[in-house]
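Student: One structure is given below, represented as structure tokens, and several questions about it will come after.
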Amino acid sequence: MAEGDPGTAAAPYTDAARARLVAAYEACELAELARAAVPIGEHELHPDGTVRSQGSVLADAARVLSAAQRFFEAAAVFERLGGANWELIGDVLGVSAHIARARFTTAEDHFRRALLSPAEATGPTGPTGSPGSLGEVSWWRAYMAREPLEAALDLDDWVLRHQDGDSGLGSAPVSGGLARRC
């Protein structure tokens, strides 16, 4: 059977590899949002320096912050599925194991449920339904759960388009690092 055949997509990769794939996607989204906030639009400011569209830069920053929080959670889930205990996660973050567990256990539980049932990866939208809300990125999590190799290949393309002088990434900078189940 091929990778995309029903029932085979979940089998070839470890849970930690899938969690790392989600973290890679969240990092990609964060980078794209931050990159888009860098240019100053030709008509963004009035000649006197005042803002033409008040709140727009702040809204962009809020989307970047939301994406950073999703990346942060995805990184913690990856570490947990890779074998890290709550003490280690707490130590890295400078908090107690109890606080680390309280902060990330829901994200870990959601990820584990999504592995069992990709339909559960499509969680509810955020309170505003705005870009960067959980609902907007949940389609990708469902895609990753169904077709992890295709999702990784999409991220390979993104990394290779944005190398920026990085060398030694190879032709499969994301998909090449995914660990398969034995």
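Numbering (my numbering), first residue to last: -15 to 166. The C-beta atom is built at its ideal place from N, Cα and C for all residues, glycine as well.
Name the residue from 130, -2, 158 whose alpha carbon lies nearest to the alpha carbon of residue 137.
Tutor: Within the sequence shown, residue 137 is the residue found at index 153, counting from 1. Considering only alpha carbons, the answer is 158.
Student: When the Cβ atoms of the segment 49 to 64 are set against those of the segment 2 to 14, are three or more pairs found closer than 8 Å?
Tutor: Yes, since at least three Cβ pairs between the segment 49 to 64 and the segment 2 to 14 fall closer than 8 Å, the two stretches touch.
Student: Do residue 129 and residue 98 come within 8 Å of each other at the CB atom, strictly closer than that value?
Tutor: Within the sequence shown, residue 98 is the residue found at index 114, counting from 1. Within the sequence shown, residue 129 is the residue found at index 145, counting from 1. Yes; because the gap between Cβ atoms is below 8 Å, this pair is in contact.
Student: Given 8 Å as the limit, is there contact between the segment -2 to 6 and the segment 32 to 39, that is, 3 or more CB pairs closer than that?
Tutor: Contact fails: fewer than three Cβ-Cβ distances are below 8 Å.
Student: Select from 96, 101, 59 the residue whose C-alpha is nearest the C-alpha of residue 84.
Tutor: As a first step, residue 84 is located in the sequence shown; it is residue number 100 there, counting from the start. Residue 84 has its Cα closest to that of 59, out of 96, 101, 59.
Student: Classify residue 171 as buried or exposed, calling it buried when 16 or more other Cβ atoms lie within 10 Å of its own Cβ.
Tutor: Examination of residue 171 is not possible in this model, given that the chain is present from -15 through 166 alone.
Student: Whole angstroms is fine: what's the gap from residue -7's alpha carbon to residue 131's?
Tutor: Counting from one through the sequence shown, the residue named residue -7 turns up at place 9. Counting from one through the sequence shown, the residue named residue 131 turns up at place 147. A caution first: residue -7 carries a pLDDT of 44, below 50, which makes its placement in the model unreliable, though a value can still be read off. Answer to the nearest angstrom: the Cα atoms are 6 Å apart.
Student: Please return the same chain residues whose Cβ sits closer than 8 Å to the Cβ of residue 92, not counting the five positions on each side in sequence.
Tutor: Position 108 of the sequence shown, counted from the start, is the residue given in the question as residue 92. So the list reads 60, 61, 64, 65, once near-sequence residues are dropped.
Student: Between which two residues does the alpha helix (DSSP H) carrying residue 27 extend?
Tutor: Here the question's residue 27 lines up with position 43 in the sequence shown. That residue, residue 27, is in no alpha helix (DSSP H); it is neither H nor E in DSSP.
Student: Please state whether DSSP places residue 165 in a helix, a strand or coil.
Tutor: Your numbering for residue 165 matches position 181 in the sequence shown. Coil, per DSSP.
Student: Closer than 6 Å by C-beta to residue 18: which residues in its own chain qualify, once you throw out the five before and the five after it? Chain order, please.
Tutor: If you number the sequence shown from 1, residue 18 lands on position 34. Excluding residues within five positions, the ones whose Cβ falls inside 6 Å are 48.
Student: Quick check on the DSSP output: what are the complete alpha helix (DSSP H) runs of length 4 or more inside the segment 42 to 83, in order along the chain?
Tutor: Runs of the alpha helix (DSSP H) inside the segment 42 to 83: 70 to 77.
Student: Measuring straight from C-alpha to C-alpha, what distance separates residue 88 and residue 57?
Tutor: Translated into the one-based positions of the sequence shown, residue 88 becomes position 104. Translated into the one-based positions of the sequence shown, residue 57 becomes position 73. Spanning the two alpha carbons is a distance of roughly 6 Å.
Student: For residue 45 and residue 21, which I take to be in contact (beta-carbon distance under 8 Å), what is that distance rounded to the nearest angstrom?
Tutor: As a working mapping, residue 45 is identified with position 61 in the sequence shown. As a working mapping, residue 21 is identified with position 37 in the sequence shown. Going by Cβ atoms, the distance from residue 45 to residue 21 rounds to 7 Å, so yes, they are a contact pair.
Student: According to the neighbour-count rule (16 or more other Cβ atoms, all chains shown, within 10 Å of its Cβ), is residue 164 buried or exposed?
Tutor: Counted from its first residue, the sequence shown places residue 164 at position 180. With fewer than 16 Cβ atoms within 10 Å of its Cβ, residue 164 is classed as exposed.
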